[in-house]
Amino acid sequence: MSILWKLFYATLMGGMIFPGRAYARWQYEYTLTDLSDKTTAELRLLRNEVYARAGYIFKDPELNEYFTRQPWYVPGGFHPIKWHYVEQEYLKKIIEAENAYAAGYRYWSLQIPTRDNIFECGEVRLFPESIETPIIHALNEGNGLVYTFRRNSGVWVFSPYLWPSSKASPRSYSIADSRLGPPRDVFCSPSTGGIYYNEYKYCGGPSKVPPKVDGYSGMCGHISLAIDSYNRSHLSFYDEERKALVYGYLKGKPWEKKEWVLRDIDAKGDAGTFNVLKVDHLDRAHIVYYDAVRKRAKYALIGGGEVNVEELPSIVSSGSSLSMAVDAAGSPHVSYYDSDAKLWYSRKTGGSWRTTLVSAAGPGGGEYSALTLSTSSAASIVYYDAQKKSLLLAVMKNGVFETQTVDPSVAAPKGIDLAVDGGGTPHIAYCVPSETEIRYAVRISSRKEMESALFKKKAVLDRGATVGLMVPFDDVTPPKTEMSLIGPSYTREGDGTVFVSVGTLVDFSADDRTKCGDVSGPARGYYSIDHDIAPCLDGEYLYFQKHRKFFPGGEDADPGPGLSSRPYCGVIGGVFPLSLPEGAHDLHYLSADHWGNFEETKSVRFYVDKTAPETEVLVENGELRDGKCRLKKGGVVRLEARDPSGPGKGAGVMGIEYSVDEFPPVSETEQDLVGLDLYSAPLSFTPGEHTLYFRAKDKVENAEALKTLKIIAE
1 MSILWKLFYA
11 TLMGGMIFPG
21 RAYARWQYEY
31 TLTDLSDKTT
41 AELRLLRNEV
51 YARAGYIFKD
61 PELNEYFTRQ
71 PWYVPGGFHP
81 IKWHYVEQEY
91 LKKIIEAENA
101 YAAGYRYWSL
111 QIPTRDNIFE
121 CGEVRLFPES
131 IETPIIHALN
141 EGNGLVYTFR
151 RNSGVWVFSP
161 YLWPSSKASP
171 RSYSIADSRL
181 GPPRDVFCSP
191 STGGIYYNEY
201 KYCGGPSKVP
211 PKVDGYSGMC
221 GHISLAIDSY
231 NRSHLSFYDE
241 ERKALVYGYL
251 KGKPWEKKEW
261 VLRDIDAKGD
271 AGTFNVLKVD
281 HLDRAHIVYY
291 DAVRKRAKYA
301 LIGGGEVNVE
311 ELPSIVSSGS
321 SLSMAVDAAG
331 SPHVSYYDSD
341 AKLWYSRKTG
351 GSWRTTLVSA
361 AGPGGGEYSA
371 LTLSTSSAAS
381 IVYYDAQKKS
391 LLLAVMKNGV
401 FETQTVDPSV
411 AAPKGIDLAV
421 DGGGTPHIAY
431 CVPSETEIRY
441 AVRISSRKEM
451 ESALFKKKAV
461 LDRGATVGLM
471 VPFDDVTPPK
481 TEMSLIGPSY
491 TREGDGTVFV
501 SVGTLVDFSA
511 DDRTKCGDVS
521 GPARGYYSID
531 HDIAPCLDGE
541 YLYFQKHRKF
551 FPGGEDADPG
561 PGLSSRPYCG
571 VIGGVFPLSL
581 PEGAHDLHYL
591 SADHWGNFEE
601 TKSVRFYVDK
611 TAPETEVLVE
621 NGELRDGKCR
631 LKKGGVVRLE
641 ARDPSGPGKG
651 AGVMGIEYSV
661 DEFPPVSETE
671 QDLVGLDLYS
681 APLSFTPGEH
691 TLYFRAKDKV
701 ENAEALKTLK
711 IIAE
């Protein structure tokens with residue numbers, strides 16, 4: 001058929017059979033339309049345009065206003081509408097696209113950071129800095145290594161240099177983000193028993209076996225790790241031997257020596273498996289865990305030295321689905337799977353628990369879940385539906401949960417984690433053991449956004465993400481501070497006691513150079529004298545934690561107000577004198593770099609000695625009377641000096657200076673006596689009258705006042 005006959009036929013059919021509708025438009029345009037790039041709003045308009053071209057009169061004000069503005073819209077027409085098969089197929093096509101959006105998975109960009117990497121993953125932790133740069137930490141149980149995956153500019157990069165503590169697969173493992181650098185982890189040893197804790201460094205090669213958690217050498221089961229506002233580590237774990245829940249925290253701030261403090265939380269029956277630990281803004285610990293005897297999920301709140309334990313409402317078949325989040329007010333939100341194969345959500349408000357049904361899909365319809373909160377504390381729960389073999393996300397809206405599909409085809413995932421970034425976008429990471437891979441999904445507001453510069457992919461399920469090697473970017477190494485004394489000082493041999501004098505100056509130097517290149521430069525140093533340095537640092541540390549930035553070239557980080565208003569507590573800046581009372585003093589000092597890394601406190605004890613030694617005159621073959629010395633033939637004068645003993649005194653005599661018959665002049669530059677000889681042997685004199693000038697100095701240059709002695713020698 002020629003083009004002219006086609007146009008004639010289309011005009012004839014449009015005028016006689018389909019009033020207001022151009023058959024050629026459906027035949028040559030709409031039937032070939034690609035709907036994959038349309039948003040839900042656009043699909044709704046396209047579906048209703050079919051009705052509009054048939055003259056349908058809309059009751060919806062929004063649709064009526066839109067189509068009334070269209071020049072081709074003629075309300076009225078024939079009713080009921082008789083659809084041509086082309087229109088029927090087109091409507092079916094639109095409805096299928098809308099149903100796909102309703103199911104949810106078309107809103108998700110699904111990626112595989114581990115492409116071409118066999119990953120027998122265990123726990124997966126997700127930290128979405130933003131939609132552009134999500135971070136995933138994961139344990140590869142196949143080789144016992146911890147990996148970090150980061151998406152940047154559309155490319156997944158990974159770091160295999162986060163070496164774990166043991167090549168053997170741990171009995172239980174937990175990882176937490178330190179906020180100020182690489183992750184930390186704890187694990188239960190499968191062979192030696194005990195718990196091992198590790199703070200990773202971004203470089204330096206394989207780490208040595210990390211230290212055990214002091215005070216525990218038993219066999220633990222499930223374990224969980226969290227970080228508080230001071231960047232301190234907290235853990236909870238199940239003691240398999242005593243069947244008890246144990247909680248602990250790493251006591252000591254970054255500038256202090258750290259030690260673990262452990263205590264039992266629930267040692268009745270068999271409690272503590274599947275425990276999940278969170279720490280709120282008040283540094284209180286929240287733990288949700290499973291009691292196998294009571295068959296209940298329990299919740300423990302630990303803070304201010306007190307422990308409060310209570311049960312959640314429903315009977316729980318197992319604790320494998322337990323998940324928890326804590327909101328900005330410090331209230332817990334918990335998801336759990338009960339004995340009736342239902343997934344529940346509970347929130348504690350006003351001293352009681354309010355429970356809402358999430359899913360009643362039947363066996364396996366929520367057995368593995370992860371819970372997170374938006375900035376407005378609205379709950380989102382990702383869970384696996386074994387019946388549909390799909391990963392689903394339930395989001396609470398107006399008191400009920402709306403469910404959408406994240407991954408429509410996945411077999412028994414593990415290590416599921418869910419997080420929401422600062423913009424409110426949900427991110428999900430999970431392991432698929434059958435595929436030996438990690439998958440990552442991010443919620444996209446529309447199909448068009450997924451086709452933007454950030455996600456230039458044509459397929460809805462993106463399984464071709466590029467994987468590369470990540471270069472270290474964070475500074476995790478604190479600077480090193482050295483202290484030196486300028487002016488009089490003496491270190492006594494044997495016991496290393498340090499003596500200084502009133503004129504001694506203290507100088508500090510900090511070096512932030514490392515082998516790994518994680519150098520942001522020293523930003524500030526701190527010191528205190530004769531009291532704990534911690535009060536000097538609390539406010540400064542919180543400032544660094546909140547405002548830490550990287551300043552290339554050593555630009556000042558401006559970490560807040562100085563500390564000079566606090567007694568004997570200051571910010572290092574040049575030299576300063578030790579203008580302190582005589583006696584023993586303790587100097588504590590450290591530095592922090594621009595990235596907020598504080599070194600451990602260094603200390604030195606010194607003694608301020610302000611007391612000069614005293615010289616005694618001894619005469620042989622002569623006499624000393626009325627301040628004059630008469631020497632017989634062959635007589636000599638001896639000089640002996642003693643440094644007074646007492647608190648802070650006793651640096652020791654350095655020597656005795658003397659001059660005979662000539663008053664020692666004063667130095668014009670040093671304002672000190674010059675031209676004195678050093679006494680080393682008894683003094684003899686020629687016959688006649690003489691004047692002896694002398695004084696003693698100690699080893700920190702305290703000098704006694706110049707003394708004078710008249711001598712008459714025969």
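In terms of the numbering used here, the sequence shown has 277 at position 277, counting the first letter as 1, and numbering is strictly consecutive.
Glycine residues also receive a C-beta, built at the ideal position from the N, C-alpha and C atoms.
Predicted model, so just to flag it, every value in this text is computed and none were measured.
Identified DSSP bridge partners for residue i
{"i": "Tyr107", "result": "Paired residues: none, contrary to the question."}
{"i": "Arg387", "result": "The question names Arg, but residue 387 is Gln in the sequence shown. BP columns for Gln387 are empty, so no partner."}
{"i": "Gly298", "result": "A quick correction: the sequence has Lys, not Gly, at residue 298. The partner list for Lys298 (beta bridge, DSSP) reads Tyr289, Glu311."}
{"i": "Trp720", "result": "There is simply no residue 720 to check, as the chain begins at 1 and stops at 714 in what is shown."}
{"i": "Lys414", "result": "Cys431"}
{"i": "Asn621", "result": "BP columns for Asn621 are empty, so no partner."}
{"i": "Asn140", "result": "Cys121, Leu145"}
{"i": "His690", "result": "Ile711"}
Endpoints, beta strand (DSSP E) assigned at residue i
{"i": "Pro581", "result": "Unbroken run through Pro581: none, as it is neither H nor E."}
{"i": "Glu199", "result": "195-199"}
{"i": "Tyr607", "result": "602-608"}
{"i": "Thr372", "result": "365-373"}
{"i": "Asn251", "result": "In the sequence as displayed, the identity of residue 251 is Lys instead of Asn. That run of the beta strand (DSSP E) goes 244-251."}
{"i": "Val146", "result": "145-152"}
{"i": "Val594", "result": "The displayed chain sequence assigns His, not Val, to residue 594. Element bounds for His594: n/a, residue is neither H nor E."}
{"i": "Arg263", "result": "259-266"}
{"i": "Arg524", "result": "522-529"}
{"i": "Arg222", "result": "Note on residue identity: the sequence assigns His, not Arg, to residue 222. Start and end: 220-227."}
{"i": "Lys726", "result": "Since the first residue shown for the chain is 1 and the last is 714, residue 726 is missing from the structure and cannot be characterised."}
{"i": "Val186", "result": "184-188"}
{"i": "His84", "result": "Premise fails: His84 is in no beta strand (DSSP E) and is neither H nor E."}
{"i": "Glu437", "result": "437-443"}
Nearest-angstrom Cα separation, counted from residue j out to residue i
{"i": "Lys710", "j": "Glu704", "result": "19 Å"}
{"i": "Ala244", "j": "Asp264", "result": "7 Å"}
{"i": "Gly364", "j": "Leu391", "result": "12 Å"}
{"i": "Val617", "j": "Asp512", "result": "56 Å"}
{"i": "Tyr73", "j": "Ser409", "result": "43 Å"}
{"i": "Val146", "j": "Lys92", "result": "48 Å"}
{"i": "Ser380", "j": "Thr372", "result": "6 Å"}
{"i": "Pro613", "j": "Glu493", "result": "20 Å"}
{"i": "Tyr490", "j": "Gly503", "result": "13 Å"}
{"i": "Asn702", "j": "Leu587", "result": "22 Å"}
{"i": "Phe127", "j": "Phe58", "result": "47 Å"}
{"i": "Asn198", "j": "Gly215", "result": "16 Å"}
{"i": "Lys699", "j": "Ala523", "result": "36 Å"}
{"i": "Thr405", "j": "Lys480", "result": "52 Å"}
{"i": "Val498", "j": "Gly655", "result": "19 Å"}
{"i": "Val316", "j": "Gly366", "result": "12 Å"}
Residue span of the alpha helix (DSSP H) that contains residue i, given as start and end
{"i": "Glu65", "result": "61-68"}
Status (buried if at least 16 other CB within 10 Å, exposed otherwise) for residue i
{"i": "Gln111", "result": "buried"}
{"i": "Tyr85", "result": "exposed"}
{"i": "Lys298", "result": "buried"}
{"i": "Lys397", "result": "exposed"}
{"i": "Ile195", "result": "buried"}
{"i": "Arg242", "result": "exposed"}
{"i": "Leu300", "result": "Note on identity: in this sequence residue 300 is Ala, with Leu being the wrong assignment. With 16 or more other Cβ atoms within 10 Å, it is buried."}
{"i": "Asp495", "result": "exposed"}
{"i": "Tyr230", "result": "exposed"}
{"i": "Phe663", "result": "exposed"}
{"i": "Lys348", "result": "buried"}
{"i": "Thr148", "result": "buried"}
{"i": "Ile95", "result": "exposed"}
{"i": "Lys697", "result": "buried"}
{"i": "Asp407", "result": "buried"}
{"i": "Asp677", "result": "exposed"}
{"i": "Gly144", "result": "buried"}
{"i": "Ile444", "result": "buried"}
{"i": "Leu282", "result": "exposed"}
Short CB-CB distance (under 7 Å) between residue i and chain C
{"i": "Thr133", "result": "Given the protein chain composition of this structure (a single chain), no chain C is represented."}
Residue i Cβ short of 6 Å to the ligand ZN heavy atom set
{"i": "Gly487", "result": "Among the components modelled here there is no ligand, and therefore nothing to report on the ligand ZN."}
_Minimum length 3: unbroken beta strand (DSSP E) runs contained in the segment 629-685_ = 653-660
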